[in-house]
Amino acid sequence: MIRPILIHPDPRLKKLCEAVTEVTPALRSLADDMLETMYEAPGIGLAAPQIGVMSRIIVMDCIKDGPPEPMVLLNPQVLWASEDVNVYEEGCLSIPDQYAEVKRPAAVKVAWMDLDGKLQERDFSGLWATCVQHEIDHLDGKLFIDYLGPLKRQMITRKMEKLKRERARMA
Ligand code: K1U
Ligand code: ZN
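Numbering (this note's numbering), first residue to last: 286 to 456.
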């Protein structure tokens, strides 16, 4: 099922999410919905708070060409971040049509629990590294615009407030 994606500003996008304690059929179904919602958007990642679920769950697929590589990460944690950085023009499904350069560690080692309840660990680089950090930020109530200066951030926030007003009028 495709879920509606919350648009900034929304208080749920600013909150710290709760850890997942067990893998249940409801959680598996939520992960399926998140992947479906991400692919349909389309996006390369999605975090649970973006659909109003305040749990530490993210999904990603950064493969542009070739067979899909869907990933579901529960309670993801950055164990190590490289000193060298990467600048990427990021977007966000909760901030449609707005892009800005964000500087982040170029590579990260991340630990998480998978849908079988097993602990996993992997090094991410390139777009995967950018995406996993962007998604983990969502779980901590942080958006890519929080890395920008106050003027740019305010300009984007005002555009989103206008977009939300227009969407509410059309509904
Ligand atoms: O979390 C999100 O809002 C999803 C976001 C993830 C992301 C994008 C860019 C850098 C870091 C993280 C998106 O997927 S925005 C859409 C997007 O980037 C895209 C959409 C279609 C094809 C390729 C990229
Ligand atoms: Zn985002």
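Ideal placement from N, C-alpha and C gives every residue a C-beta, glycine not left out.
Item: If you count every other CB in all the chains shown that lies within 10 Å of the CB of V372, and 16 or more means buried, which is it?; Value: exposed
Item: Just curious, the alpha helix (DSSP H) that K394 is in, first and last residue?; Value: It is not in any alpha helix (DSSP H) - K394 instead sits in the beta strand (DSSP E) that spans A392 to M398.
Item: Leaving aside the five residues before and after I380 along the sequence, list all residues of the same chain whose C-beta is less than 8 Å from its C-beta, in chain order.; Value: I292, H293, L428, F429, I430, I441 and M445
Item: Using only the alpha-carbon positions, how far apart do V308 and Y432 sit?; Value: 33 Å
Item: Classify D401: buried if its beta carbon has 16 or more other beta carbons within 10 angstroms, exposed otherwise.; Value: exposed
Item: According to DSSP, is V417 helix, strand or coil?; Value: helix
Item: Can you determine whether any heavy atom of the ligand K1U sits closer than 7 Å to the C-beta of E321, and answer yes or no?; Value: no
Item: With distance defined between alpha-carbon atoms, name the residue in K449, A396, D295 and A456 nearest to M339.; Value: D295
Item: Taking just the CA atoms, how far does C416 sit from Q335?; Value: 15 Å
Item: Near L320, which residues of its chain fall below 6 Å by C-beta distance, leaving aside the five closest residues on each side in sequence?; Value: V344 and P355
Item: Is there contact between the region 325-333 and the region 395-411, where contact requires at least three CB pairs shorter than 8 Å?; Value: no
Item: Who does F429 pair with in a DSSP beta bridge?; Value: Note: F429 sits in no beta bridge, so no partner.
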